[in-house]
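First comes the structure, then the notes that go with it.
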Amino acid sequence: MAKEPEAHLFCHRCGAVLKPGVGNFYIVRIEAFADPTPPNLTEADLAVDIDEAIDDILEEIRNTSEAELMDQVYRRLTIHLCGQCYAKWIENPAS
Ligand SMILES: [Zn+2]
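Per my numbering, the very first residue in the sequence shown carries number -15; after that it's consecutive.
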């Protein structure tokens, strides 16, 4: 009888096979938010034609999918890293 194929996890960086239960990998959860601070309006901003500005925004929204709009505001992802890659990544996570 054929053996059930095992679901493998792979290191997001080097592709090494990760084996649950052995303690050789890390799960990294990343949450990213757009800056929630309201924009600081200048007098020049307030001088623009509001109707035209709103039309521009509505046009942009019409041309963007819901998923894309969500992605611009909030992203959450989970990655798996082997012990070696994790050790390197955590020292410089923004690289
Ligand atoms: Zn790795």
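Where is the CB? At the ideal position from N, CA and C, for every residue including glycine. Note that the structure is a prediction, hence the values are computed from the model and not measured.
Relative to ligand 1, is the shortest distance from any of its heavy atoms to the C-beta of Ala0 smaller than 7 Å?
It does: the Cβ of Ala0 is within 7 Å (strictly closer) of some heavy atom of ligand 1.
Boundaries (first-last residue) of the alpha helix (DSSP H) holding Val32:
Per DSSP, Val32 belongs to no alpha helix (DSSP H) and is neither H nor E.
Whole-angstrom Cβ separation of Ala0 and Gln56, contact assumed at under 8 Å?
Their Cβ separation, rounded to whole angstroms, is 33 Å, which puts Ala0 and Gln56 out of contact at 8 Å.
Could you tell me the alpha carbon to alpha carbon distance between Gly67 and Arg13, rounded to whole angstroms?
The straight-line gap from Cα to Cα measures roughly 16 Å.
Three-way DSSP call (helix, strand, coil) for Leu53 in this model
helix
Go ahead and label Phe(-6) buried or exposed: buried means 16 or more other beta carbons lie within 10 angstroms of its beta carbon, across all protein chains shown.
exposed
Using the beta-carbon count (16 or more within 10 Å), is His(-4) buried or exposed?
buried
Say yes only if the C-beta of Leu(-7) is nearer than 7 Å to one or more non-hydrogen atoms of ligand 1, and no if none qualify.
no
Return the chain-ordered list of same chain residues with a C-beta closer than 8 Å to the C-beta of Thr62, the five sequence neighbours on each side being excluded.
Ile11, Val12, Arg13, Ile14
Delimiting residues of the alpha helix (DSSP H) encompassing Cys69
Here the alpha helix (DSSP H) through Cys69 covers 67 to 75.
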